[in-house]
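Protein sequence lines, in the order shown, are assigned to chains A and B. The first sequence begins at 12 in my numbering and counts up by one. The second sequence begins at 28 in my numbering and counts up by one. The structure under discussion appears below in the form of structure tokens.
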Amino acid sequence: MDVRHPLDRYLRTDRLPHIWCPGCGIGIAVSSLLRAIDRRVAEGLFTHDEVAAVSGIGCTARATFYLNFDSAHVIHGRAIPFAIGLKLVRPNLKVIVIGGDGDIAAIGGNHLLHAARRNVDLTVVMVNNMIYGMTGGQVAPTTPPNVYTTTTPSGNYEYAINIVKLLSALNVNYLARASVTHPHILERYLYTALGKEGLAFVEVISPCPEVFGRHIGYRDPVELFKKFKSMIKYEERPSLDKSDITLNLDKEVVIGEFVNSSRESFIKIIDRLGR
Amino acid sequence: MTATSGPGFSLMVEGLSLAIMTETPLVIAYVMRAGPSTGIATKSGQYDVMQVRWAAHGNYEIVAYAPWSVQELYDLTIKSFNVSEALRVPVILLSDAALAHIWERVVIADPGEVIIINRKKPKVSKELYRPFEPEEDLVPPMACFGEGYKVLVESLTHDEKGYYKPSNEVQRKLVWRLVNKVRKNKDMLFDSASYFTEDAEYVVVAYGSTARSAYALVKDLRSSGIKIGLYRPKLLWPVDEEGLIKATYTAKKVFVVENNIGVYVNEVSRILKHREVISIPVIDIEVPTPDAIFEVMREWM
Ligand SMILES: Cc1ncc(C[n+]2csc(CCOP(=O)(O)OP(=O)(O)O)c2C)c(N)n1
């Protein structure tokens, strides 16, 4: 009997199994995204053929290996500019960018800034595992202070970027933080993001036991998952003051919807002013 | 299409590499300026002839044209688009600051008179389509996003489906196809002009804005009885080796005149191994004058 999962149609199943390590959160992020897409397709907001996925380089970026949409796996940090080009040429498409914190916030940080400033009609999913996963655990701009990584053997000297605070200062229409430890909330935010015009950004806190967990003394996937889960605090409309991530056991990582607005989007502005 | 000069092109190189790998049709109008680095903005030179050939990492063939007039900028722009669409390669239209500032009369063709080549579209069903499966000309038909083909654009070494395959077999096949799709279709690329070369004892090779002065000099020398001619490649990359050999067939000496330290001359020497090839590098932030060129050339004649 040919047993197929209902979401298989969105996957290039001939490429499975995937490369993600046991205990990695990216799979939960991707499956939540697919469920959210499926609900939007069922509603008729867009069709399967009208979805395009773009990613750069990294473990998270490998998602486009498996997504059965028109997709592009491009160069490190440049998923957003590729996606903007695509959206400008094919405004009818639902363009989704998925990538790691390094891909989107480090090498791709400047593109993110200007996409947000322009309120470009993209759904950007940034899986934040606080480390460069694919290359073996180098410090990322999202790595909390003091943490040991392969490039910070004495501990991280730097403050971490708070992407929520950063983007809140720009013109994004939707800004939420979710966590793979709470997949139902994650799916709801992705679903909402997919319904927005303008830039919709979802940060997804995700455990990487293989490299990040090892660095902070949580090599066991279950232990790391539990630690993340215990730190997460859900608030419906959290204030920005609560958005810093420190990873102190006594401090919380707040998830919630930080921005939900309806500013005129980039494509709408272009339509209004004329090409 | 995009347009830039050296500083911008240097930044765009990673994207150029991506375009080569993903076989994305692309035309870059590259207006060379004096470098390195910020050099002299709005001033000219031909320093970047080798950069456009080798800027991207990896091995590949790339196409570059060097116009010498405003009319040719127009004509070669059309050609660049046609080539990039037909072969799915980036094409560089290598201009320079001198040409960019010139005002000249141009004949603009009626839309109906212009030959336009567009990328090949898939001929198979959406289910059977494989985005990197080439046809006999080694170029794969190109489906676009939103047409239902579930295209996968892949920057990693990929098979015909676009799937990453880190193996010798797939790497060799892909790299050689990217190279050979240009080499095997080179007849559609060729473009050059020869002046007074049939009986020439000396042949000047020059391209782009510098060729304008070289042409003036050659005409002057001809009228004083010196058997000299000019070969002007419009296609710089890949090199039209036969064209160069033919145009210099009767020459005792070949002079390569460039507004740089002498870079394309290495290609010419490589191809004309048994011929005396002399580099005439004349750096000028405008266009080298015929006199300045002759001053350097004279001692060899
Ligand atoms: C220009 C460039 N620099 C560096 C690399 C090497 N590299 C590959 S993935 C990666 C970091 C990935 O980290 P992140 O985006 O956080 O994704 P993750 O693997 O953690 O999901 C780096 C630096 C590259 N491919 N290209």
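Cβ atoms here follow ideal geometry from the backbone N, Cα and C, with glycine treated the same way.
Should residue i go down as buried or exposed, given a rule of 16 or more other Cβ atoms within 10 Å for buried?
i                     : result
residue 168 (chain A) : exposed
residue 73 (chain B)  : buried
residue 261 (chain B) : buried
residue 233 (chain B) : buried
residue 40 (chain A)  : buried
residue 30 (chain A)  : exposed
residue 131 (chain B) : exposed
residue 123 (chain B) : buried
residue 177 (chain B) : buried
residue 328 (chain B) : exposed
Between which two residues does the beta strand (DSSP E) carrying residue i extend?
i                     : result
residue 224 (chain B) : That residue, residue 224 (chain B), is in no beta strand (DSSP E); it is neither H nor E in DSSP.
residue 107 (chain A) : 105-111
residue 123 (chain B) : 117-123
residue 7 (chain A)   : Nothing about residue 7 (chain A) can be read from this structure; chain A reaches only from 12 to 286.
residue 59 (chain B)  : 53-59
residue 31 (chain B)  : 29-31
residue 180 (chain B) : 179-181
Which residue comes first and which comes last in the alpha helix (DSSP H) that contains residue i?
i                     : result
residue 44 (chain A)  : 37-54
residue 236 (chain B) : 235-250
residue 81 (chain A)  : Counting along the chain, residue 81 (chain A) falls outside any alpha helix (DSSP H), though it belongs to the beta strand (DSSP E) covering 81-84.
residue 241 (chain A) : 232-242
residue 106 (chain B) : 97-114
residue 268 (chain A) : Not the alpha helix (DSSP H): residue 268 (chain A) falls in the beta strand (DSSP E), residues 264-271.
residue 324 (chain B) : 317-324
residue 81 (chain B)  : 76-81
residue 167 (chain B) : Element bounds for residue 167 (chain B): n/a, residue is neither H nor E.
residue 294 (chain B) : 292-298
residue 178 (chain A) : 174-179
Return the bridge partner residues of residue i from the DSSP annotation.
i                     : result
residue 260 (chain B) : B:219
residue 139 (chain A) : A:216
residue 305 (chain B) : B:282
residue 190 (chain A) : A:216
residue 149 (chain A) : A:143
residue 91 (chain B)  : B:119 and B:264
residue 255 (chain B) : B:229
residue 62 (chain A)  : A:105
residue 211 (chain A) : A:134 and A:185
residue 22 (chain A)  : A:78
Could you check how far apart the C-beta atoms of residue i and residue j are, in whole angstroms? I think they sit under 8 Å.
i                     : j                     : result
residue 303 (chain B) : residue 280 (chain B) : 5 Å
residue 92 (chain B)  : residue 218 (chain B) : 7 Å
residue 190 (chain A) : residue 215 (chain A) : 7 Å
residue 95 (chain A)  : residue 126 (chain A) : 6 Å
residue 196 (chain B) : residue 189 (chain B) : Actually they do not touch by this definition, with Cβ atoms about 16 Å apart.
residue 284 (chain B) : residue 231 (chain B) : 6 Å
residue 144 (chain A) : residue 119 (chain A) : Incorrect: roughly 15 Å between the Cβ atoms, too far for contact.
residue 310 (chain B) : residue 286 (chain B) : 6 Å
Within a Cβ cutoff of 8 Å, which residues of the same chain sit near residue i, ignoring the five residues on either side of it in sequence?
i                     : result
residue 283 (chain A) : 275
residue 125 (chain B) : 71, 236, 313 and 314
residue 47 (chain B)  : 83, 85, 87, 89, 116, 117 and 205
residue 97 (chain A)  : 63, 65, 83, 104 and 106
residue 175 (chain A) : 186, 188, 214, 251, 254 and 269
Excluding the five sequence neighbours on either side, which residues of its own chain have a C-beta within less than 7 Å of the C-beta of residue i, listed in chain order?
i                     : result
residue 128 (chain A) : 181 and 182
residue 162 (chain A) : 149 and 150
residue 217 (chain A) : 36, 37, 40, 138, 139, 140 and 191
residue 286 (chain A) : none
Please find out if some non-hydrogen atom of ligand 2 comes closer than 8 Å to the beta-carbon of residue i.
i                    : result
residue 70 (chain A) : Annotation note on ligand 2: not contained in the displayed structure, which lists ligand 1 as its ligands.
Note down, in chain order, each residue of its chain lying with its Cβ closer than 6 Å to the Cβ of residue i, except the 5 sequence neighbours on either side.
i                     : result
residue 160 (chain B) : 167 and 187
residue 32 (chain A)  : 221
residue 21 (chain A)  : 45 and 79
residue 36 (chain B)  : 57
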